[in-house]
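Single-structure report; data block below.
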Amino acid sequence: MNLAAFPSAGEADLVEALRADPDAWIDGLSVIAEKAGDGTPAGYALLTRCRVGDAPALALGPCAVAPSHQRTGAGSAAIRAALEAARQMGENLVVVLGHAEYYPRFGFRRASEFGIRTSFEVPDENLMALALDASKPVPSGTIRYPAAFGV
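In our numbering, each residue's number is its place in the sequence shown (first place is 1) plus 216.
Written as C-alpha coordinates, this is what we have:
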(Lines of atoms letter the chains of each structure in order from A and count residues from 1; the text may use other names and numbers.)
(Lines give C-alpha, C1' and ligand atoms only; values in the text may rest on other atoms or scores of the structure.)
Protein backbone atom coordinates (compact mmCIF):
# COMPACT_ATOMS: atom_id res chain seq x y z
CA MET A 1 0.00 0.00 0.00
CA ASN A 2 2.87 2.40 0.78
CA LEU A 3 4.32 1.77 -2.68
CA ALA A 4 1.01 2.70 -4.28
CA ALA A 5 0.27 5.69 -2.06
CA PHE A 6 3.61 7.51 -2.37
CA PRO A 7 5.70 8.61 -5.36
CA SER A 8 8.79 6.74 -4.13
CA ALA A 9 9.60 3.60 -2.15
CA GLY A 10 10.82 5.66 0.82
CA GLU A 11 7.85 4.98 3.09
CA ALA A 12 7.68 1.28 2.20
CA ASP A 13 11.41 0.97 2.86
CA LEU A 14 10.95 2.77 6.19
CA VAL A 15 8.23 0.31 7.25
CA GLU A 16 10.51 -2.62 6.37
CA ALA A 17 13.41 -1.11 8.34
CA LEU A 18 11.15 -0.48 11.35
CA ARG A 19 9.79 -4.03 11.12
CA ALA A 20 13.38 -5.33 11.38
CA ASP A 21 14.14 -3.21 14.47
CA PRO A 22 13.12 -5.12 17.63
CA ASP A 23 13.42 -1.94 19.72
CA ALA A 24 10.97 -0.05 17.47
CA TRP A 25 8.45 -2.65 16.26
CA ILE A 26 5.47 -3.45 18.48
CA ASP A 27 3.22 -6.30 17.40
CA GLY A 28 -0.37 -5.12 17.02
CA LEU A 29 0.45 -1.51 16.14
CA SER A 30 0.73 -1.97 12.38
CA VAL A 31 -2.89 -1.56 11.31
CA ILE A 32 -4.64 -2.08 7.99
CA ALA A 33 -8.17 -0.76 7.47
CA GLU A 34 -10.15 -2.85 5.00
CA LYS A 35 -12.86 -1.84 2.59
CA ALA A 36 -16.21 -2.86 4.05
CA GLY A 37 -17.72 -5.84 2.32
CA ASP A 38 -14.75 -7.31 0.48
CA GLY A 39 -11.76 -6.93 2.81
CA THR A 40 -9.61 -5.05 0.29
CA PRO A 41 -6.77 -3.22 2.11
CA ALA A 42 -7.63 0.46 2.02
CA GLY A 43 -5.70 2.32 4.72
CA TYR A 44 -2.58 1.81 6.80
CA ALA A 45 -1.19 3.29 10.02
CA LEU A 46 1.95 2.38 11.95
CA LEU A 47 2.97 3.19 15.51
CA THR A 48 6.53 2.40 16.59
CA ARG A 49 8.51 2.91 19.77
CA CYS A 50 10.32 6.16 20.24
CA ARG A 51 11.32 8.03 23.38
CA VAL A 52 10.52 11.50 24.67
CA GLY A 53 13.30 12.41 27.04
CA ASP A 54 13.81 9.15 28.93
CA ALA A 55 10.16 8.02 28.70
CA PRO A 56 8.74 5.54 26.19
CA ALA A 57 6.38 6.98 23.59
CA LEU A 58 5.07 6.06 20.15
CA ALA A 59 5.67 7.67 16.76
CA LEU A 60 2.80 7.64 14.26
CA GLY A 61 3.83 7.08 10.66
CA PRO A 62 3.99 6.16 7.96
CA CYS A 63 0.28 6.32 7.25
CA ALA A 64 -1.07 5.58 3.79
CA VAL A 65 -4.27 5.18 1.83
CA ALA A 66 -4.59 3.14 -1.35
CA PRO A 67 -5.17 5.60 -4.22
CA SER A 68 -8.56 4.05 -5.03
CA HIS A 69 -9.71 4.60 -1.43
CA GLN A 70 -8.52 8.15 -0.77
CA ARG A 71 -11.05 10.47 0.85
CA THR A 72 -13.21 7.53 1.98
CA GLY A 73 -12.19 7.56 5.65
CA ALA A 74 -9.85 4.57 5.29
CA GLY A 75 -6.84 6.49 6.60
CA SER A 76 -8.79 7.85 9.55
CA ALA A 77 -10.10 4.37 10.34
CA ALA A 78 -6.57 2.93 10.36
CA ILE A 79 -5.25 5.74 12.57
CA ARG A 80 -8.17 5.47 15.02
CA ALA A 81 -7.69 1.68 15.23
CA ALA A 82 -3.94 2.04 15.83
CA LEU A 83 -4.48 4.65 18.55
CA GLU A 84 -7.10 2.48 20.24
CA ALA A 85 -4.80 -0.56 20.11
CA ALA A 86 -2.04 1.53 21.74
CA ARG A 87 -4.46 2.75 24.40
CA GLN A 88 -5.50 -0.84 25.13
CA MET A 89 -1.82 -1.80 25.49
CA GLY A 90 -1.39 0.88 28.16
CA GLU A 91 0.66 3.29 26.07
CA ASN A 92 0.67 6.89 27.19
CA LEU A 93 1.93 9.19 24.43
CA VAL A 94 1.95 9.37 20.62
CA VAL A 95 3.86 11.93 18.56
CA VAL A 96 3.42 12.74 14.89
CA LEU A 97 5.10 15.03 12.41
CA GLY A 98 2.41 15.81 9.87
CA HIS A 99 -0.32 18.03 8.49
CA ALA A 100 -1.45 20.60 11.05
CA GLU A 101 -5.04 20.51 9.76
CA TYR A 102 -5.40 16.70 9.67
CA TYR A 103 -4.15 15.23 12.93
CA PRO A 104 -6.05 17.42 15.43
CA ARG A 105 -9.23 15.49 14.47
CA PHE A 106 -7.74 12.57 16.43
CA GLY A 107 -6.98 14.74 19.47
CA PHE A 108 -3.40 15.71 18.61
CA ARG A 109 -2.17 19.09 19.86
CA ARG A 110 1.03 21.00 19.28
CA ALA A 111 3.81 19.04 20.97
CA SER A 112 5.30 22.30 22.23
CA GLU A 113 2.31 22.57 24.60
CA PHE A 114 3.73 19.49 26.38
CA GLY A 115 7.36 20.66 26.19
CA ILE A 116 8.13 18.12 23.45
CA ARG A 117 10.53 18.98 20.64
CA THR A 118 12.73 17.40 17.97
CA SER A 119 16.49 17.62 17.53
CA PHE A 120 15.94 19.16 14.08
CA GLU A 121 13.99 22.16 12.83
CA VAL A 122 10.28 21.63 12.13
CA PRO A 123 7.38 24.09 12.06
CA ASP A 124 5.75 24.14 15.50
CA GLU A 125 2.28 23.47 14.05
CA ASN A 126 3.44 20.25 12.34
CA LEU A 127 4.88 18.50 15.40
CA MET A 128 1.98 17.17 17.45
CA ALA A 129 1.38 14.94 20.44
CA LEU A 130 -1.55 13.00 21.86
CA ALA A 131 -1.84 11.84 25.47
CA LEU A 132 -3.65 8.48 25.44
CA ASP A 133 -4.11 8.19 29.20
CA ALA A 134 -5.16 11.35 31.05
CA SER A 135 -4.28 9.74 34.39
CA LYS A 136 -0.57 9.56 33.50
CA PRO A 137 1.81 12.51 33.25
CA VAL A 138 2.97 13.43 29.77
CA PRO A 139 6.76 13.36 29.46
CA SER A 140 8.58 16.34 28.03
CA GLY A 141 11.89 16.57 26.24
CA THR A 142 13.42 15.76 22.88
CA ILE A 143 11.98 12.97 20.74
CA ARG A 144 14.41 10.16 19.94
CA TYR A 145 13.12 8.34 16.89
CA PRO A 146 14.16 4.81 15.86
CA ALA A 147 17.35 4.77 13.75
CA ALA A 148 15.33 3.87 10.62
CA PHE A 149 13.94 7.42 10.54
CA GLY A 150 17.45 8.75 9.97
CA VAL A 151 17.16 11.68 12.37
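All residues carry an ideal CB built from backbone N, CA and C; glycine is no exception.
No experiment lies behind these values; they were computed from the predicted model shown.
Residue i to residue j span [Cα, whole Å]
i    : j    : result
G323 : E227 : 24 Å
E337 : T358 : 12 Å
L320 : R326 : Note that residue 320 corresponds to Pro in the displayed sequence, not to Leu. Looking at the two C-alpha atoms, the distance is approximately 9 Å.
S224 : T256 : 22 Å
F222 : P278 : 10 Å
D340 : S328 : 7 Å
Y318 : A282 : 17 Å
G331 : E300 : 24 Å
T288 : V247 : 17 Å
Same chain, Cβ closer than 7 Å to residue i, five either side skipped, listed in chain order
i    : result
P272 : R265
A302 : L245, L263, L274, V310 and L348
Spatial neighbours of residue i in its chain, beta-carbon cut-off 6 Å, leaving aside the 5 residues before and after
i    : result
A249 : A258, G259, A290, A293 and A294
R171 : Nothing in the structure corresponds to residue 171, since the chain is present only between 217 and 367.
K251 : A258
Run of the beta strand (DSSP E) containing residue i, from where it starts to where it stops
i    : result
S246 : S246 to E250
A261 : P257 to V268
V394 : Nothing can be reported for residue 394: it is not among the residues displayed for the chain, which extend from 217 to 367.
A302 : A302 -> not in any beta strand (DSSP E); alpha helix (DSSP H) instead, spanning A290 to Q304.
Reference residue i; option with closest CA among the options
i    : options                   : result
S284 : I359, F365, M217 and R333 : M217
I242 : A298, K251 and P355       : A298
S351 : P238, G306, G331 and P362 : G306
A363 : D270, Q304 and A233       : A233
A220 : K251, Q286 and A316       : Q286
S335 : V367, H315 and P353       : V367
Rounded distance between the beta-carbons of residue j and residue i, thought under 8 Å
i    : j    : result
A261 : L276 : 7 Å
L343 : L313 : 5 Å
R333 : R267 : In fact, because the Cβ distance is near 13 Å, the residues do not count as touching under 8 Å.
S356 : G253 : No, S356 and G253 are not in contact; Cβ-Cβ is about 45 Å, not under 8 Å.
Other residues of its chain near residue i: CB distance less than 8 Å, five sequence neighbours each side excluded
i    : result
A365 : Checking the sequence, you will find Phe at residue 365 rather than Ala. Contacts found: L230 and A275.
D239 : R265 and P362
Near the ligand MG: residue i beta-carbon under 7 Å from a heavy atom
i    : result
S335 : Although the ligand MG was asked about, the structure shown includes no ligands whatsoever.
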